[in-house]
Amino acid sequence: MEACTAVAREIEKVLTKFTSYSDHASNTITSLHSNIENLQTEIDQVGADKNITDPQASILNEAMGRVKEAVTRLSSDHRDLHSSVSKVGKAIDKNFTADFGCISNDSVFSGDKQQLVNEVICQHFFREGLLDIAEEFISETGLELQEESREPFFELNRILAALKARDLGPALQWAEENREKLRAQNSSLEFKLHRLAYINLIKEGPLSVGQAIEYARVHFTPFVYQHEKVIQSLMGCLLYVKGGLENSPYSDLLSPHQWSEICDVFTRDACSLLGLSVDSSLAVCVNAGCTALPVLLNIKQVMQQRAVHNMWNTKEELPIEIDLGPSSRYHSIFACPILRQQSTETNPPMRLICGHVISRDALNKLTTSAKLKCPYCPVEQNPADAVQIFF
1 MEACTAVARE IEKVLTKFTS YSDHASNTIT SLHSNIENLQ TEIDQVGADK
51 NITDPQASIL NEAMGRVKEA VTRLSSDHRD LHSSVSKVGK AIDKNFTADF
101 GCISNDSVFS GDKQQLVNEV ICQHFFREGL LDIAEEFISE TGLELQEESR
151 EPFFELNRIL AALKARDLGP ALQWAEENRE KLRAQNSSLE FKLHRLAYIN
201 LIKEGPLSVG QAIEYARVHF TPFVYQHEKV IQSLMGCLLY VKGGLENSPY
251 SDLLSPHQWS EICDVFTRDA CSLLGLSVDS SLAVCVNAGC TALPVLLNIK
301 QVMQQRAVHN MWNTKEELPI EIDLGPSSRY HSIFACPILR QQSTETNPPM
351 RLICGHVISR DALNKLTTSA KLKCPYCPVE QNPADAVQIF F
């Protein structure tokens, strides 16, 4: 972020100078043009058969001098502007590192892992609705994807496109077909879709009130217990339809933000039913990398300056903890209270029969003569009775 800010400052200086020089150049050229036109008019009035007088020649010389002076000034401004532009390039070179080899791990692109990377990229294209690009990518990389793995994305993008065009039909049909699955995960998608359809009827004016009431009677009834307050509010707004909802306490029902919200709700619930994360795996990886990269570059530079860079001799673990933000926290991380280390796949958390949890390495170290005494209570047990737990 600091690097971006430093470059942004230089860009702001260039833009400020550009605006200033542009205004000055425009005013100068306009003034000179007007002055020369006036001189041309005076010369034309003298006549072709008469000579220019000494005062007139002096005025012409002064005008030529002003033109030369203006050209010199504009050239100087132009050179100064180029100097400022070059500083932007220097700021980019200074603040951004082009060589990331010191912190990269090329093994993630080798062998079968390359296939996984290609699948993640292809899935991202499908999720974003870039179907033509995805098909071309499959053709060029030789990926083998089953047709059934593509179809859900086709339907997902078709429904999202309809929602963005404010067409609720496809989404309502999908929600009704998957009603039981949506209820199982406590989704409010179907109700929110019917709510939007009801609001669309109200927007048509007083003549559609009867139709809106009938729609509410049919489609809101199954949701009365879960959304009673919202339904009461929706029915109460009917009193203000004649005078216009935009001037009523229910004006928020007309907010266009509801359409972007319903797109997000549909994407989240649809991805959940498909067993997919809400965000693209590629986007998650790129965002995490963009967050971690500046920190890793800084720590690498500090380690090199202090001649301790050889201490970080593995790419499997980081030399420091990097906070990727709440959006990138997907599960709890267990830290062993005995060894004060985070659990890993090779050193998972183990639950003792007394209920306390320690890491497997701690369990092995505390085991003596095929017995294990809990470090937090007097209970003794057989180490084999410990059970691995998953967060």
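First residue of the sequence shown? That's 1 in full-length UniProt numbering, and the numbers climb one at a time after it. Yeah, the Cβ is synthetic: ideal placement off N, Cα and C, and Gly gets one too.
Is DSSP giving residue i helix, strand or coil here?
i    : result
V88  : helix
S332 : coil
R351 : strand
E380 : strand
V241 : coil
V278 : coil
T368 : strand
Q388 : strand
I359 : First, the amino acid is wrong: residue 359 is Ser here, not Ile. Reduced to three states, the DSSP call for S359 is strand.
Q114 : helix
Q56  : helix
Q341 : coil
N51  : coil
D323 : coil
Y250 : coil
L318 : coil
Q185 : coil
F126 : helix
P206 : helix
How would you write the range of the alpha helix (DSSP H) that residue i sits in, first residue to last?
i    : result
V284 : S281 to Q305
S139 : L131 to T141
S233 : E228 to G236
Y215 : V209 to H219
F153 : E147 to K164
L193 : L189 to K203
Q173 : G169 to E177
Below 8 Å CB to CB, which residues in the same chain sit around residue i once its five sequence neighbours on both sides are set aside?
i    : result
W259 : L163, K164, R166 and L196
I353 : V379, Q381, D385 and A386
E176 : E190
L372 : L352, L363, L366, E380, Q381, N382, P383 and A386
S251 : L245
C377 : C354 and H356
Leaving out five residues before and five after residue i in sequence, what residues of the same chain have Cβ atoms less than 7 Å from its Cβ?
i           : result
C263        : L160, L163 and K164
N95         : A3, A6 and V7
Q211        : L201
residue 392 : Residue 392 lies beyond the residue range present for the chain, which begins at 1 and ends at 391; the question has no answer from this structure.
Give me the Cα-Cα distance between residue i and residue j, rounded to the nearest whole angstrom.
i    : j    : result
T30  : I36  : 10 Å
K68  : K87  : 29 Å
V7   : P294 : 15 Å
I333 : N178 : 34 Å
Q342 : N105 : 22 Å
L339 : L145 : 45 Å
N27  : E10  : 26 Å
R247 : E214 : Reading off the sequence, residue 247 comes out as Asn, not Arg. C-alpha separation (whole angstroms): 25 Å.
D361 : L143 : 41 Å
H356 : P383 : 13 Å
A335 : I389 : 13 Å
L32  : S20  : 18 Å
S188 : V278 : 16 Å
I199 : E228 : 17 Å
S255 : P249 : 13 Å
S34  : R66  : 13 Å
V302 : S83  : 32 Å
L363 : P349 : 9 Å
L39  : A70  : 17 Å
Q56  : S75  : 29 Å
G111 : R183 : 42 Å
L273 : F223 : 21 Å
R150 : K192 : 27 Å
Q114 : W174 : 35 Å
L168 : E261 : 13 Å
D23  : T72  : 16 Å
For residue i, report the span of its beta strand (DSSP E) as first-last.
i    : result
K373 : K371 to K373
V108 : V108 -> no beta strand (DSSP E), and no H or E assigned at all.
Within a Cβ cutoff of 6 Å, which residues of the same chain sit near residue i, ignoring the five residues on either side of it in sequence?
i    : result
L324 : A288 and T291
D77  : Y21
G129 : N157
I231 : F220
N347 : S359, R360 and D361
Tell me whether residue i is buried or exposed, calling it buried when 16 or more other Cβ atoms sit within 10 Å of its Cβ.
i    : result
Y330 : exposed
V218 : exposed
F154 : exposed
A171 : buried
Q123 : buried
V108 : exposed
H257 : exposed
R306 : exposed
D269 : buried
Taking 7 Å as the cut-off, does the CB of residue i come closer than this to any heavy atom belonging to the ligand GTP?
i    : result
V278 : The model depicted lacks the ligand GTP and carries no ligand whatsoever.
Using a beta-carbon distance below 8 Å, is residue i in contact with chain C?
i    : result
P383 : Looking for chain C here will not work: only one protein chain is present.
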